[in-house]
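Data block below; observations after.
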Amino acid sequence: MTTFNMSLGCYIILITYGVREIIADKTPVTFTFKEYQYKDSPKNEMTFREFETACEQSGACSHITGLLKTRCVRECVSPSCYRELYQTDVLEEGEIDVRLNSFKGCFIQRSGRTRN
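All the letters of the sequence shown, read from the start, carry residue numbers -24 to -1, 1 to 92 under mature numbering (1 follows the signal peptide of the UniProt record, and there is no 0).
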């Protein structure tokens, strides 16, 4: 039993060391995406929020929760903006959504709404 515990301990150390080496060898990747200007005005927020609320309550998204709901709502709000900003690199659990303001800017621009 002692030999087994020592062997198991060695494997755990080797695996831990290997994982650390793999992580250490990773070169940072620059995250890039198309950026749209978004002016955070009450009018723009109200317009975006109206669409967002309608999509949250739609038959397509109302029964979903969490991250899947967020994805569903964004795609509902603007399918073309969603494809451009999220399709190739979907929003992941725990990810800080740095693309949201670009998404809002894209939505406002493509909806023809004012940006004041």
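A virtual CB, placed ideally from N, CA and C, is assigned to each residue, including glycine.
Model, not experiment: these values are computed from the prediction.
Exposed or buried, residue i, counting other C-beta atoms within 10 Å across all chains shown (16 or more means buried)?
| i | result |
| --- | --- |
| leucine 61 | buried |
| isoleucine 84 | buried |
| phenylalanine 79 | buried |
| arginine 86 | exposed |
| arginine 50 | buried |
Go ahead and pull the three-state DSSP assignment for residue i.
| i | result |
| --- | --- |
| proline 4 | coil |
| cysteine 57 | helix |
| leucine 67 | coil |
| isoleucine 84 | helix |
| glycine 42 | helix |
| arginine 50 | helix |
| tyrosine 62 | helix |
| phenylalanine 9 | coil |
| serine 78 | helix |
Are the CB atoms of residue i and residue j nearer to each other than 8 angstroms?
| i | j | result |
| --- | --- | --- |
| glycine 88 | tyrosine 14 | no |
| cysteine 57 | cysteine 48 | no |
| valine 66 | glutamate 28 | no |
| arginine 75 | phenylalanine 9 | yes |
| leucine 43 | glutamate 11 | no |
Give a yes or no on whether the minimum CB-CB distance between residue i and chain D is below 8 angstroms.
| i | result |
| --- | --- |
| leucine 44 | Looking at the structure shown, chain D is missing, and only one protein chain is on hand. |
Can you list, in chain order, the residues of its chain with a C-beta nearer than 8 angstroms to that of residue i? Leave out the 5 residues immediately preceding and following it.
| i | result |
| --- | --- |
| phenylalanine -21 | Reliability of the predicted coordinates at phenylalanine -21 is poor, the pLDDT of 49 falling under 50, and the value obtained from them is presented with this limitation in mind. Cβ neighbours of phenylalanine -21 beyond the five flanking positions: none. |
Using a Cβ-Cβ cutoff of less than 6 angstroms, which residues in the same chain neighbour residue i once the five nearest sequence positions on both sides are dropped?
| i | result |
| --- | --- |
| isoleucine 72 | none |
| isoleucine 40 | Cys48 |
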